[in-house]
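These notes concern the structure reproduced below.
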Amino acid sequence: MGRRYVLGIESTAHTFAVAIVDDKLNVISDVRDVVRSGETLGIDPKLTAEHHANVAPQVLEKALNEAGMDITDIDAVAYSMGPGLGPALRIGATVARAIAHKFKKPLYPVHHGIGHIELTSTLLGFKDPLVVIVSGGHTSILSFNLGRWRTYGETLDITLGNLMDMFARKIGIPFPGGPKIEEIARKGRKYIEMPYGIKGNNMVYSGLLTYAIQLIGRTSVEDIAYSLQETAFTVLVEATERALTQVSKKEIGLTGGVASNDRLYNMMCSMAREHGVKVGRLEKKYNSDNGVQIAVVGMLYMKSGYAPVPVEEAVIKQRIRVEEVEIPWR
Amino acid sequence: MEIGGLLEYFLENGVMISKGAESNLYKISYYGKVAVLKYRVEKKYRIKELDVKIRRRRTFGEASSIHEAWKKGINVPRLLYADLERYYLIMEYLEGEVLREAILKKIYAYEEIGEIASSLGEMIANLHNIDIIHGDLTTANIIIKDGLKPYLIDFGLSERRSDPEAKAVDIEMFYRVLESTHTEEREMFFNAFIQTYKENALNSKEIISRFNRIRRMGRYIEERRRRS
Ligand SMILES: Nc1ncnc2c1ncn2[C@@H]1O[C@H](COP(=O)(O)OP(=O)(O)OP(=O)(O)O)[C@@H](O)[C@H]1O
Ligand SMILES: Nc1ncnc2c1ncn2[C@@H]1O[C@H](COP(=O)(O)OP(=O)(O)OP(=O)(O)O)[C@@H](O)[C@H]1O
Ligand SMILES: [Mg+2]
Ligand SMILES: [Mg+2]
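Protein chains in written order, with the working numbering: chain C, 1 to 330; chain G, 1001 to 1228.
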């Protein structure tokens, strides 16, 4: 058998993306189109679905062109089945089903979060990592145990990305505010004590946000940003350290938009060093939603000989949790 | 002995029994008694100001909660000494099994686990009744001793709160641990636990309805954000 290829389709939220990977998990092509939602945090499900439906044909075509392939050269199709926005998910699933049906290709529904996790593990070359996802949509600590990826800690209210973006908006910085907050925080000098929210291995950030917001105008914004960041990241790193000592893993994979923050990365490294644990983070472009994460998981399914789903059973699950998904390749 | 040398003395003469996320634990001899010294160590990843505050607050919180619970007859180690300048405390040594390992190694029969869970439900109810939130309820923080009697340790994240929400969150954290670590025993364990909790906790109806609400919401953080 020659090289095999899986085409992955992502459409859980603002991004419609198609990618192709080979059986060594090399990225052959990677095309994305992100809906412009203006400067807001939330996204409109209907507009998003419309956008995805409009761009789907050209994104697919471009992905095939980039790879220099014809749709018939593909060995299987994978699509993000959830969690995410129903209307957006339906577009990706429909495109995937159409290809699978017309060209008689095996079809694999993929959990979006497991896409982030396995892509992190693959690109960093990690075998059995603790994965920390920090973005606008997620803040969770996950580890593979007893046949499944399981959540060992997560935010109980808002995500770390939301925290940064919502604070940024209050000081007039447009979405996404995280990178600018990092810059401003570097100029902070004085640490202001703020609510430190930890419950077991879980984070609580809303009290911190409220507190930081009400300090605006009363003290230097640099000091607030600095203290906000120090507090929020210390909570996350502490939660990660707790999870780490419980599951005793030797690698930490950091992913999601906030992983780009150097202060967070350095704190994570400092913590890990004391436990003799390796830390890696993804290249920026792989932190955001993409088709590669879906194609990679599709390929893992195919290589492990897992049964593809018949087209009529290829559904979406808006609320699916990582714990619900069987992992035949680990 | 020089001032501040007490900790060094204990550490030199003690045996390390555990190196956790935030503290090192030593088995020591404290005026002839077998005891445990829990020392919260410096963490280089956090800035000095936060590091010092966290260590002091946790040491104080743990010492006062253990002492308060012990006074009310709840099964916790007796507090023997606390030093808030050097962030350590000394407590009674509990000779027994950590519940987490005991369940994982399957050393208890099914009915025995149920009995432990029942005692635990009553114990947590009693703790909540005096407005102490444990803050880190896990099977790793429970020692089984004298047969099947559970003892509660590790109060570093404890809080003094009377609101049902805080109590519900405490229980929900425990549920998560059962879910991720003791998947097989979870249902039976939790049913037995919540039964005696209900019977013994003041305001248990309100606490349990909040618990159920949190269970529903916590899972779908994703969805909540998308809608916002
Ligand atoms: N340097 C940085 N420091 C802090 N936050 C950052 C930084 N760079 C990006 N972010 C934050 O990362 C988030 C964007 O992350 P990302 O693109 O991975 O995902 P998302 O679309 O928000 O969520 P998801 O992919 O989980 O659905 C934003 O909240 C942004 O502010
Ligand atoms: N009083 C005690 N008697 C006997 N053993 C104890 C006692 N206190 C703690 N231990 C042992 O030490 C281990 C760690 O203790 P503890 O849970 O208090 O610290 P930790 O988990 O490191 O703290 P944290 O979770 O806050 O980082 C326990 O699991 C138990 O095996
Ligand atoms: Mg994502
Ligand atoms: Mg503990």
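Cβ coordinates follow ideal geometry from the N, Cα and C atoms, glycine included.
Let me know if residue i comes out buried or exposed under the rule of 16 or more other beta-carbons within 10 Å of its beta-carbon.
i       : result
C/R242  : buried
G/K1048 : exposed
G/M1016 : exposed
C/A17   : buried
C/L163  : buried
G/S1029 : exposed
G/S1209 : exposed
C/S304  : exposed
C/N26   : exposed
C/E10   : buried
G/E1085 : exposed
C/F167  : buried
G/F1174 : buried
Could you say which of the options lies nearest to residue i if we only look at CA atoms?
i       : options                               : result
C/H14   : C/V55, C/G153 and C/P308              : C/V55
C/D23   : C/D75, C/P106 and C/P45               : C/D75
C/G257  : C/V27, C/G207, C/P176 and C/V110      : C/P176
C/K278  : C/V31, C/S29, C/P129 and C/G305       : C/P129
C/R4    : C/A67, C/I192 and C/E10               : C/A67
G/I1153 : G/K1043, G/F1060, G/I1066 and G/T1196 : G/I1066
C/Q246  : G/I1116, G/F1189, G/S1158 and G/L1104 : G/L1104
G/E1187 : G/K1071, G/A1117 and G/P1077          : G/A1117
G/S1018 : G/K1027, G/E1095 and G/T1181          : G/K1027
G/N1129 : G/S1204, G/K1149, G/L1148 and G/E1111 : G/S1204
C/W149  : C/H112, C/K180 and C/P195             : C/H112
C/H275  : C/Y265, C/V297, C/I252 and C/L282     : C/I252
C/K250  : C/F233, C/M166 and C/R273             : C/R273
C/V21   : C/I327, C/M302 and C/P308             : C/M302
C/K333  : C/I224, C/R321, C/T155 and C/V237     : Any question about residue 333 of chain C goes unanswered here, given that chain C covers just 1 to 330.
C/V309  : C/I71, C/L124, C/S220 and C/A78       : C/A78
C/P87   : C/T48, C/R321 and C/L123              : C/T48
G/A1109 : G/V1036, G/A1021, G/L1178 and G/G1147 : G/G1147
C/N65   : C/D289, C/R97, C/V31 and C/E324       : C/V31
G/E1101 : G/T1139, G/K1198 and G/R1216          : G/T1139
C/V322  : C/V221, C/H116 and C/T120             : C/H116
For residue i, verify whether its CB is less than 7 Å away from any heavy atom of ligand 1.
i      : result
C/G188 : no
C/N287 : yes
C/A13  : yes
C/I181 : yes
C/D33  : no
Apart from the five residues on each side of it in sequence, which residues of its chain come closer than 7 Å, Cβ to Cβ, to residue i?
i       : result
G/F1211 : A1168, I1171 and E1172
G/R1055 : R1040 and Y1087
C/L300  : E118 and W329
G/G1061 : F1155, G1156 and S1158
C/T72   : F103
Would the beta-carbon of residue i be found less than 7 Å away from any heavy atom of ligand 2?
i       : result
C/E274  : no
G/K1038 : yes
G/D1154 : yes
G/S1064 : no
G/D1232 : The requested residue 1232 of chain G does not occur in the structure, where chain G is confined to residues 1001 to 1228.
C/L238  : Correcting the residue type first, residue 238 of chain C is Glu in the shown sequence and not Leu. For ligand 2, not one heavy atom lies less than 7 Å from the Cβ of C/E238.
G/Y1093 : yes
With a threshold of 8 Å on Cβ separation, who are the neighbours of residue i within its own chain once the five nearest residues in sequence on each side are excluded?
i       : result
C/T159  : V134, S135, G136, G137, H138, T139 and Y205
G/D1131 : R1160, R1161 and S1162
C/N145  : V247
C/M267  : F233, T234 and V237
Hey, is residue i close to ligand 4, as in C-beta under 7 Å from one of its heavy atoms?
i       : result
G/G1020 : yes
C/N26   : no
C/N266  : no
C/N54   : no
C/N202  : no
G/N1141 : yes
In chain order, what residues of the same chain have a beta carbon less than 6 Å from the beta carbon of residue i, not counting five sequence neighbours either side?
i       : result
C/K317  : M81 and G82
C/L60   : V18
G/Y1081 : I1090
G/F1193 : A1117, L1120 and G1121
C/V132  : I141, T240 and L254
C/E39   : Low per-residue confidence applies at C/E39: pLDDT is 49, beneath 50, and the placement is therefore not dependable enough to give any value.
C/Y152  : I141, S143, N201 and A243
Legend entry - In chain order, each beta strand (DSSP E) run of at least 3 residues that lies wholly inside the segment 1011-1059 of chain G: 1015-1019, 1023-1030 and 1033-1040
Inset, instruction - Tell me the start and end of each unbroken alpha helix (DSSP H) in the segment 118-154 of chain C that is at least 4 residues and wholly inside, in chain order. - result: none
Inset, instruction - Mind checking the segment 1129-1160 of chain G against chain D and listing, in chain order, the residues whose C-beta falls within less than 8 Å of any C-beta there? - result: Absence of chain D from the displayed structure is noted, the protein chains being C and G.
Legend entry - Complete runs of the beta strand (DSSP E) confined to the segment 79-117 of chain C [at least 3 residues]: 107-111
Legend entry - Secondary structure, beta strand (DSSP E): runs of 3+ residues fully inside the segment 1139-1175 of chain G: 1142-1145 and 1149-1152
Inset, instruction - Just list the beta strand (DSSP E) runs in the segment 1055-1117 of chain G, keeping only unbroken ones of 3 residues or longer that don't cross its boundaries, in chain order. - result: 1079-1083 and 1088-1092
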